[in-house]
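Q:
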Amino acid sequence: MSTTPPVVNGDHPFPRQLAEALRGNGSRPGLDQLQQAAEHLRAHRGAFADWLRDLAADASAVAEIAKRSYWHPNGFAKIVLHTCVEPEFRLRLHVWPRAEEVSSGESNPHSHRWEFASHVLTGAGMHMVDFVETVEGGKPYRRFRYGADPANPAALVADGDVRLKRRASPHVQGGEVYTCDTTVVHTVRPIDAELTATVVVQGPHRTSTTVVYCELGESDDQPNRDLAEADFHRLVTAVLASLDSETAPCRS
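Numbering (the numbering used here), first residue to last: 5 to 256.
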């Protein structure tokens with residue numbers, strides 16, 4: 005049973021505590037503050053779980069969250085749990101449901117307009133590949149700019165053909181925290197096919213556009229899908245069950 009006060013008009017102790025962890029760099033927290041917030045989340049996973057339960061029990065909160073959340077084309081749910089203006093940050097829950105085979109993850113190499121810190125809340129962890137553009141070697145891609153079309157900020161605008169080569173292949177294990185800045189171009193996928201969830205503390209936009217790379221011949225028409233309130237309940241229930249199983253006492 006949750007021991008925290010119920011959500012009232014979006015006010016709750018847990019996001020307030022995260023906001024406090026992000027202060028110290030004015031209203032626009034940097035990567036250090038984002039990491040501190042993710043570390044706070046890792047140290048208070050029970051409080052985060054209580055907040056999730058309270059959100060799921062608040063019909064108006066669920067409706068608001070579902071409106072600003074969606075299914076990514078690569079098979080995971082991007083759930084925006086909380087937004088804050090002062091300091092400026094977003095808290096997102098990314099969920100890859102259990103699958104019959106390992107997810108391909110975010111198959112298009114990409115960067116971000118904002119810095120973030122992420123905590124692997126449940127699951128074995130995440131496999132990432134970092135890329136860099138190169139003149140020789142590597143693999144050909146078509147580069148697109150996301151956010152470059154004022155009339156349609158979600159559109160991908162073609163920006164030439166390039167070659168990418170792998171720079172590193174880091175793994176982040178379950179329970180760990182990792183950070184990412186706007187210079188990193190990478191792909192991300194769960195290590196295995198079991199339920200995997202990460203909590204992302206997203207900072208303010210640092211650039212107006214970001215890059216997305218598609219393999220030659222691959223369509224750039226990869227729309228997001230709406231996330232229904234029923235999806236939110238199903239995914240949050242699965243994540244909470246996984247967290248509960250981690251803290252359940254062992255029985256002989």
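Ideal Cβ positions, reconstructed from N, Cα and C, are used throughout, including at glycine.
Excluding the 5 residues preceding and the 5 following P33 in the sequence, name in chain order all residues of the same chain whose CB lies nearer than 8 Å to its CB.
A: Residue 33 sits at position 29 when you count from the first residue of the sequence shown. These residues qualify, in order along the chain: L26, R27, A41, P91, E92, F93, G207, P208.
Q: Taking its Cβ as the centre, do 16 or more other Cβ atoms sit within 10 Å of R229, making it buried, or is it exposed?
A: In the sequence shown, counting from the first residue as 1, residue 229 sits at position 225. Flag for R229 reads exposed.
Q: Report the CB separation of L59 from A65 in whole angstroms; it is logged as a contact under 8 Å.
A: Taking the first residue of the sequence shown as position 1, residue 59 is located at position 55. Taking the first residue of the sequence shown as position 1, residue 65 is located at position 61. So it is a contact: roughly 5 Å between Cβ atoms.
Q: Could you give the residue range of the beta strand (DSSP E) that holds S122?
A: Mapped onto the sequence shown, residue 122 falls at position 118. That run of the beta strand (DSSP E) goes 118–126.
Q: Pull the bridge partners of W100 from the DSSP assignment, please.
A: Counted from its first residue, the sequence shown places residue 100 at position 96. According to DSSP, W100 bridges with T200.
Q: Would A197 and A128 qualify as a contact pair, given that the criterion is a beta-carbon distance under 7 Å?
A: Residue numbering aside, residue 197 sits at position 193 when the sequence shown is read from its first letter. Residue numbering aside, residue 128 sits at position 124 when the sequence shown is read from its first letter. Taking 7 Å as the Cβ cut-off, A197 and A128 do not qualify as a contacting pair.
Q: Please determine, among G79, Y217, P227, the residue with the shortest C-alpha to C-alpha distance to S115.
A: The residue given as residue 115 occupies position 111 in the sequence shown. Of the candidates G79, Y217, P227, the one whose C-alpha sits nearest the C-alpha of S115 is Y217.
Q: For A162, name the three-state secondary structure that DSSP assigns.
A: As a position in the sequence shown, residue 162 is number 158, starting the count at 1. Three-state result, A162: strand.
Q: Considering only C-alpha positions, which residue in the set G151, D225, P174, E180 is nearest to H44?
A: To locate residue 44, count along the sequence shown from 1; it is residue 40. Residue E180 is the option with its Cα nearest to H44.
Q: Roughly how many angstroms lie between the CA atoms of F236 and V139, to the nearest whole one?
A: Translated into positions along the sequence shown, residue 236 becomes position 232. Translated into positions along the sequence shown, residue 139 becomes position 135. Those two C-alpha atoms are separated by around 44 Å.
Q: Counting C-beta neighbours from all protein chains within 10 Å, is the total for T202 16 or more, i.e. buried, or is it exposed?
A: Taking the first residue of the sequence shown as 1, we reach residue 202 at position 198. T202 should be labelled buried.
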